[in-house]
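Residue numbers (this note's numbering), protein chains in the order written: chain Z, -6 to 465; chain F, 152 to 309. Here is the structure we will look at.
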Amino acid sequence: MRRVVIDPVTRIEGHAKVTLYLDDAGEVADARFHVTEFRGFEKFCEGRPFWEMPGITARICGICPVSHLLASAKAGDQILGVAPPPAAEKLRRLMNLAQIVQSHALSFFHLSSPDLLLGFDVPAARRNLFGVAEAYPELARAGIRLRQFGQEVIAQLGGRRIHPSWAVPGGVRAPLSAEGRDAIRAGLPEQLEAITRTIARFKADEARFADEVASFGTFPSLFLSLVGEDGTWEHYGGALRLVDARGEVVEAAIDPARYAEYIAETAEPWSYLKFPYYRPAGPVDGMYRVGPLARLNVCRRFGTPLADAELAELKTRGEGAVLGSFHYHYARLVEILGCLELIERLLDDPDLLSTTCRASAGVNRLEGVGVSEAPRGTLFHHYEVDENGLLTAVDLLIATGQNNLAMNRTVAQVARRYVRGGRLDDGVLNRVEAGIRAYDPCLSCSTHAIGKMPLVVELVAADGTAIDEARR
Amino acid sequence: MTGVAVAGYGSTLRGDDAAGYRVARAIAEGCASERADVRVLVGVQPLPEWAAELAEADVAYFVDAAPTAGGAAGVEVVELTPTPVGGMLDGHAASPAALLDLARALYGRAPRAFLVTVPAELFGFADDLSALAAAGVGEAVRLIEERLRAGEGSRPCA
């Protein structure tokens, strides 16, 4: 068997490499997406007070610190044995919606739009954000403004754009001011107009990518996300729901605190990223996807008029569930639209400006599970503490890890479609990267590295010798 | 126009790498707190979305830590020019020159800009600065505030 290595993978959050194994005929037989960074938060947080965890785990990621902040605070709520005041939950929801907007804007406009707007075969030196700025300045400005808007909402609530130490066990540290609410409201019309225009542009170009739609992770799998009681899209509360490739419900309402009964994790020696799967189905049939496409496959309705219209159109991309991971891009845009609508609705809530936003208590339970929907998918923080609140065990189940099996399968599918004659060229490299990027993986989050996010692709022959390598 | 943008960046968990960040925070709490025409940007690294705010400024200061090779270097100020960098610009981080070029490409203008570097020597896991970098932070804050008092932006600091 021969082997191809792509190292490093670019325009993702973290550092990775891809190895493609060829058979004797030079065709791709297998592929591995290796995550080569290690962070170790689960281990070094042991012994810390659980009160510190929102602040510590928010440092896992500079893109989605809010996600860790909220999941950690929710786990802390359970250890305290309290329900945060209504204003606290609504303010946390507002921050998470803003987080999804700004992270999805980064993913679509800054990381993926060079591929989608300029094309996969444009040289890498031009296929970047600057190339988009030259060719489509209006869309590039829209991306910048959407990301700024999301960050400004986060700053209005938490006092800063990145790593706000705001959500805490029992609630949030500070309420929202009327001036802050009004500033958020004033920014909404421009963002709604920008995302509506972007969706129209994306759909107009979608037909150009029929080949990529067919080969970028198009296979049956399960899909997991939080969902509301009536099947409405959810990002903070609700229950876990699992649907299959036909869109039929496999698990209707899993209590998030019991996630470990349904999700098992394995590890492989060639990657620091864990391989979670749906326990009852085993590691092969139990592969599931999380993130925007999963959330929109799981929910029946978004719950807002504009996003519901787009959701109905997205669902026509599949029979039952939408299976192609290329559609993660469209799903991200639909979620930006829906999150903006939900922000607009929340701003009218009379509870929002309440100054009662934190419940006080000591350690009342020795275990807590906090679950929320991060931009990239369902995020679990599971803590066990002693009677003094010092952590004795920490499990962080991150969205990117839950997509690990699907990402590996996607790399293999893309490679089988595009690698010919045992050689690597830019077109192959670009598409392998883009296949991974559709999931918007955050390796810094899911391996607990300091590092950038460079891809190495290595091509390995049937006898184990490396015959080609491409590196960025 | 906001007048002046001060953009300081670096990791606060990596010792002296935080020098630029700390300079910007000091400006935000000092001179910029009195002036609506001074906009302070802070982050772990320069971000593409800063281009929109830079395009609204007349003058910009980027403040970063600069590793020394054991020499007793001081704070240095170098004027920047917008530079087309192509593949050097990705979605996460951008060089100051690339950000200026992005501002010009997207918004039709870029400020006159300077890179202020603070000498630094320790980049391990730490949340405090070496004596060298701490002295440099103070010097850089004084230098930028002097320039602001000298009339950059619409009015001088009190």
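Backbone N, C-alpha and C define an ideal beta-carbon position, used for all residues, glycine too.
Boundaries (first-last residue) of the beta strand (DSSP E) holding Z:L417: Taking the first sequence and counting its residues from 1, the one referred to as residue 417 of chain Z is at position 424. Where Z:L417 is concerned, there is no enclosing beta strand (DSSP E), given that its DSSP letter is neither H nor E.
Name the chain F residues that come within less than 8 Å of Z:P130, Cβ to Cβ? Walking along the first sequence from the start, residue 130 of chain Z turns up at place 137. For Z:P130, the neighbours in chain F by C-beta distance under 8 Å run, in chain order, A256, L257.
For a contact meaning CB atoms closer than 8 Å, what does Z:A126 contact in chain F? The residue given as residue 126 of chain Z occupies position 133 in the first sequence. Going along chain F in sequence order, the residues near Z:A126 (Cβ under 8 Å) are L253, A256, L257.
C-alpha distance - F:Q196 paired with Z:V75, whole-angstrom precision: Looking up residue 196 of chain F in the second sequence gives position 45. Looking up residue 75 of chain Z in the first sequence gives position 82. About 38 Å.
Range covered by the beta strand (DSSP E) that runs through Z:L219: In the first sequence, residue 219 of chain Z corresponds to position 226, counting from 1. Per DSSP, Z:L219 belongs to the beta strand (DSSP E) from 215 to 220.
Counterpart residues of Z:P130 in DSSP-defined beta bridges: Position 137 of the first sequence, counted from the first residue, corresponds to residue 130 of chain Z. DSSP lists no partner for Z:P130.
What residues from chain Z crowd round F:E200, counting only those whose CB sits closer than 7 Å? Translated into the one-based positions of the second sequence, residue 200 of chain F becomes position 49. Neighbours of F:E200 on chain Z, chain order: I137, R140, Q141.
CB of F:E272 within 8 Å of CB of F:T232, strictly: The count along the second sequence starts at 1 and reaches residue 272 of chain F at position 121. The count along the second sequence starts at 1 and reaches residue 232 of chain F at position 81. Not in contact: F:E272 and F:T232 (Cβ atoms no closer than 8 Å).
State the DSSP-derived secondary structure class of Z:E328, mapped to helix, strand or coil. The residue given as residue 328 of chain Z occupies position 335 in the first sequence. In this structure, Z:E328 counts as helix in the three-state DSSP scheme.
Since Z:A197 and Z:A314 should fall inside the 8 Å C-beta cutoff, what is the C-beta to C-beta distance between them, to a whole number of angstroms? The sequence position of residue 197 of chain Z within the first sequence is 204, counting from 1. The sequence position of residue 314 of chain Z within the first sequence is 321, counting from 1. Incorrect: roughly 25 Å between the Cβ atoms, too far for contact.
Residue-level contact to chain F via CB, Z:F195, 8 Å cutoff: On the first sequence, position 202 is the one that residue 195 of chain Z refers to. Proximity of Z:F195 to chain F, defined by a Cβ-Cβ separation below 8 Å, is not satisfied.
Segment limits, alpha helix (DSSP H) that includes Z:T189: As a position in the first sequence, residue 189 of chain Z is number 196, starting the count at 1. Under the DSSP assignment, Z:T189 falls in the alpha helix (DSSP H) whose first and last residues are 171 to 198.
Scan the segment 104 to 124 of chain Z for residues whose Cβ lies nearer than 7 Å to a Cβ of chain F and list them as they occur along the chain. Those would be L104, A117, A118, R119, N121, L122, F123, in chain order.
Please go through the same chain and pick out, in chain order, the residues whose beta-carbon is closer than 7 Å to the beta-carbon of Z:R416, but skip the five residues on each side of it. Numbered from 1 along the first sequence, position 423 holds the residue referred to as residue 416 of chain Z. Cβ-Cβ distances below 7 Å link Z:R416 to D461 in the same chain, with the five nearest sequence neighbours on each side left out; the list follows chain order.
How is the beta strand (DSSP E) around F:V157 delimited, first residue to last? Within the second sequence, residue 157 of chain F is the residue found at index 6, counting from 1. Unbroken beta strand (DSSP E) run through F:V157: 154 to 160.
According to DSSP, simplified to helix, strand and coil, what is Z:E303? For the purposes of this step, residue 303 of chain Z is taken as residue 310 along the first sequence, with counting starting at 1. It is helical.
Between Z:T385, Z:L384, Z:H374, Z:R402, which lies nearest to Z:I391 when the distance is taken from Cα to Cα? For this step, residue 391 of chain Z is matched to residue 398 along the first sequence. With distances taken between Cα atoms, Z:I391 lies closest to Z:H374.
Closest by C-alpha distance to Z:T259, when choosing among Z:L384, Z:G394, Z:Y321: The sequence position of residue 259 of chain Z within the first sequence is 266, counting from 1. It is Z:G394.
Go ahead and pull the three-state DSSP assignment for Z:L286. For the purposes of this step, residue 286 of chain Z is taken as the residue at position 293 of the first sequence. When DSSP states are grouped into helix, strand and coil, Z:L286 belongs to the helix group.
Whether or not the segment 332 to 352 of chain Z and the segment 36 to 55 of chain Z are in contact is what I'm after, with contact meaning three or more pairs of Cβ atoms, one per stretch, closer than 8 Å; do they touch? Result no; under three Cβ-Cβ pairs closer than 8 Å.
Using a cut-off of 9 Å between C-beta atoms, extract the partners of F:A203 located in chain Z. For the purposes of this step, residue 203 of chain F is taken as the residue at position 52 of the second sequence. Under the 9 Å cutoff, chain Z gives R134, I137, R138, Q141.
Between Z:Q149 and Z:L330, what straight-line distance do the alpha-carbon atoms span, to the nearest angstrom? Mapped onto the first sequence, residue 149 of chain Z falls at position 156. Mapped onto the first sequence, residue 330 of chain Z falls at position 337. Their Cα atoms are separated by approximately 20 Å.
Enumerate in chain order the residues of its own chain whose CB-to-CB distance from F:G302 is below 7 Å, with the five nearest sequence positions on each side excluded. The residue labelled residue 302 of chain F in the question sits at position 151 within the second sequence. Counting only Cβ-Cβ distances below 7 Å, and skipping sequence neighbours, we find nothing.
Can you tell which of Z:A64, Z:G428, Z:A455 has the C-alpha that lies nearest to the C-alpha of Z:F26? Locating residue 26 of chain Z in the first sequence gives position 33, where the first residue counts as 1. Among Z:A64, Z:G428, Z:A455, the Cα nearest to that of Z:F26 is on Z:G428.
Spatial neighbours of F:R165 within its chain, please: CB distance less than 8 Å, with the 5 preceding and 5 following residues excluded, ordered by chain position. Along the second sequence, one-based indexing puts residue 165 of chain F at 14. Closer than 8 Å at the Cβ level, and outside the excluded window around F:R165, lie F274, G275, F276, A277.
With DSSP run on the structure shown, which of helix, strand or coil describes Z:W226? Residue mapping note: residue 226 of chain Z aligns to position 233 of the first sequence, counting from 1. The answer is strand: DSSP assigns Z:W226 an E or B state.
Considering Cα atoms alone, identify which of F:S162, F:A282, F:E185 is closest to F:L299. Locating residue 299 of chain F in the second sequence gives position 148, where the first residue counts as 1. Considering only alpha carbons, the answer is F:E185.
With a threshold of 7 Å on Cβ separation, who are the neighbours of F:G171 within its own chain once the five nearest residues in sequence on each side are excluded? Within the second sequence, the letter at position 20 stands for residue 171 of chain F. These residues qualify, in order along the chain: G159, Y160, G161, V214, D215, A216, V269.
Could you check if Z:N401 is buried or exposed, using at least 16 other CB atoms within 10 Å of its CB as the buried criterion? Your numbering for residue 401 of chain Z matches position 408 in the first sequence. Under a 10 Å Cβ-count criterion, Z:N401 is classified as buried, with 16 or more other Cβ atoms of the shown protein chains found around its own Cβ.
Can you tell me where the beta strand (DSSP E) holding Z:G74 begins and where it ends? Here residue 74 of chain Z is taken as the residue at index 81 of the first sequence, counted from 1. From DSSP, Z:G74 is part of no beta strand (DSSP E); its letter is neither H nor E.
With C-beta atoms as the reference, is Z:P213 less than 8 Å away from Z:V362? On the first sequence, residue 213 of chain Z is found 220 positions in, with the first residue counted as 1. On the first sequence, residue 362 of chain Z is found 369 positions in, with the first residue counted as 1. Between Z:P213 and Z:V362, the C-beta gap is not smaller than 8 Å, which leaves the two residues out of contact.
Could you name the residues of the same chain whose beta carbon sits closer than 6 Å to that of F:A282, not counting the 5 residues immediately before and after it, in chain order? Position 131 of the second sequence holds residue 282 of chain F. Shown here for F:A282: not one same chain residue has a beta carbon closer than 6 Å to its own, the five before and five after excluded.
Do F:A254 and F:R263 count as a contact pair if the criterion is CB distance below 8 Å? Here residue 263 of chain F is taken as the residue at index 112 of the second sequence, counted from 1. Here residue 254 of chain F is taken as the residue at index 103 of the second sequence, counted from 1. No, Cβ-Cβ distance for F:R263 and F:A254 is not below 8 Å.
Just how far apart, CA to CA, sit F:L250 and Z:R138? Reading the second sequence from its first residue, position 99 is the one you call residue 250 of chain F. Reading the first sequence from its first residue, position 145 is the one you call residue 138 of chain Z. So the two alpha carbons sit approximately 15 Å from each other.
Kindly indicate if chain B contains any beta-carbon less than 8 Å away from that of Z:G69. Absent here is chain B; the protein component of the structure consists of chains Z and F.
Given F:V189 as reference, the closest of F:R173, F:E200, F:A211 once Cα atoms are compared: Here residue 189 of chain F is taken as the residue at index 38 of the second sequence, counted from 1. Minimum Cα distance to F:V189 is reached at F:A211.
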